[in-house]
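Residue numbers (my numbering): 686 to 942.
Heads up: the structure comes next, in structure tokens.
In structure tokens:
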């Protein structure tokens, strides 16, 4: 997948300063974020939940970090991609259209997450490139806590167009020269949705749970974020079920172009 002013926040450990002109104030001091460990879901439900979180972003008032998994091997593709093109590029089924942009992403062994920020949050005001950079600096700091050294890609490298993890974009997170993490965004009047995927190699030797904890600790240490466990209200679940019925649960939606 691809790519307010206040006092500057400390840089994430081991990460260079961001490019000139990028605004990156980070969360306000002692800000409370919601974290939702939603478990594994099927491909259609996962996409429906992420869009429901975005639609309700103005009601939650707090940023939400959602960790989730997949009940079966699947692939997701960017909102603007053609179904026929991506269907030829992967044997994974089902294939679902994401509410965000970007390229084709395999979900057979990845660690998946979403970040949703309401429109009034400082992160929402960032340009797409600065937002993408901030996200991957966060991931970089989390992996550093686990003893894993990563770097941000300085320049893009395309191998197979349309396939997110076959090459990399600027500011993608790399480990030993290969793409480790990518993300895509969608911005509406309600808020900002970021969908991200980490493709951990077996050599990592860490678990998904350890990575989740490292993500929380990195944000707590650098940005003074306080985390509160959270589950969606019934109204949001109703939105998710409606999206599942009218969009993501229908093959014709994913194949419409």
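Backbone N, C-alpha and C define an ideal beta-carbon position, used for all residues, glycine too.
In this text the structure is predicted, and so the values were computed from the model without any measurement.
In the DSSP assignment, residue 908 falls within the unbroken alpha helix (DSSP H) covering 893 to 908. Boundaries cannot be given for residue 746, as no alpha helix (DSSP H) includes it and DSSP labels it neither H nor E. Only exposed fits residue 927, as fewer than 16 other CB atoms lie within 10 angstroms of its CB. Residue environment analysis places residue 733 among the buried positions, since at least 16 neighbouring C-beta atoms fall within 10 angstroms of its C-beta. Leaving aside the five residues that flank residue 802 on each side, the residues in its chain whose CB is nearer than 6 Å to its CB run, in chain order, 748, 808, 809, 876 and 877. For residue 940, the secondary structure class from DSSP, reduced to helix, strand or coil, is coil. Between the stretch 913 to 922 and the stretch 724 to 741, the count of C-beta pairs closer than 8 Å reaches three or more; the two stretches touch. A straight line joining the alpha-carbon of residue 723 with that of residue 751 spans about 7 Å. Taken through DSSP and simplified to helix, strand or coil, residue 774 comes out as helix. Distance from the CA atom of residue 858 to the CA atom of residue 782, rounded to whole angstroms, is 23 Å. By a beta-carbon distance limit of 8 Å, residue 799 does not contact residue 891. Their separation comes to about 21 Å. Looking only at 720, 727, 736 and 715, the smallest Cα-Cα distance to residue 922 is reached by 736. In terms of Cβ geometry, residue 885 and residue 794 form a close pair [threshold 9 Å].
The alpha-carbon of residue 888 is positioned some 14 Å away from that of residue 862. Pairing residue 906 with residue 839, the inter-Cα distance amounts to about 26 Å.
Counting only residues of its own chain and dropping the five nearest sequence neighbours on each side, residue 820 has a CB closer than 8 Å to the CB of 800, 868, 879 and 881.
When DSSP states are grouped into helix, strand and coil, residue 721 belongs to the strand group.
Going by C-alpha positions, residue 939 is about 16 Å away from residue 791. The beta-carbon distance between residue 759 and residue 779, rounded to whole angstroms, is 5 Å. This is short enough to meet the 8 Å contact definition.
Under a 10 Å Cβ-count criterion, residue 832 is classified as exposed, with fewer than 16 other Cβ atoms of the shown protein chains found around its own Cβ.
For residue 791, the secondary structure class from DSSP, reduced to helix, strand or coil, is strand. Under the three-state reduction of DSSP, residue 877 is assigned to strand. Taking every protein chain shown into account, the CB of residue 756 has fewer than 16 other CB atoms within 10 angstroms, so this residue is exposed. About 4 Å separates the Cβ atoms of residue 826 and residue 903, confirming a contact at the 8 Å cut-off. Secondary structure of residue 931 (DSSP, three-state): helix. Here DSSP, grouped into helix, strand and coil, assigns residue 923 to helix.
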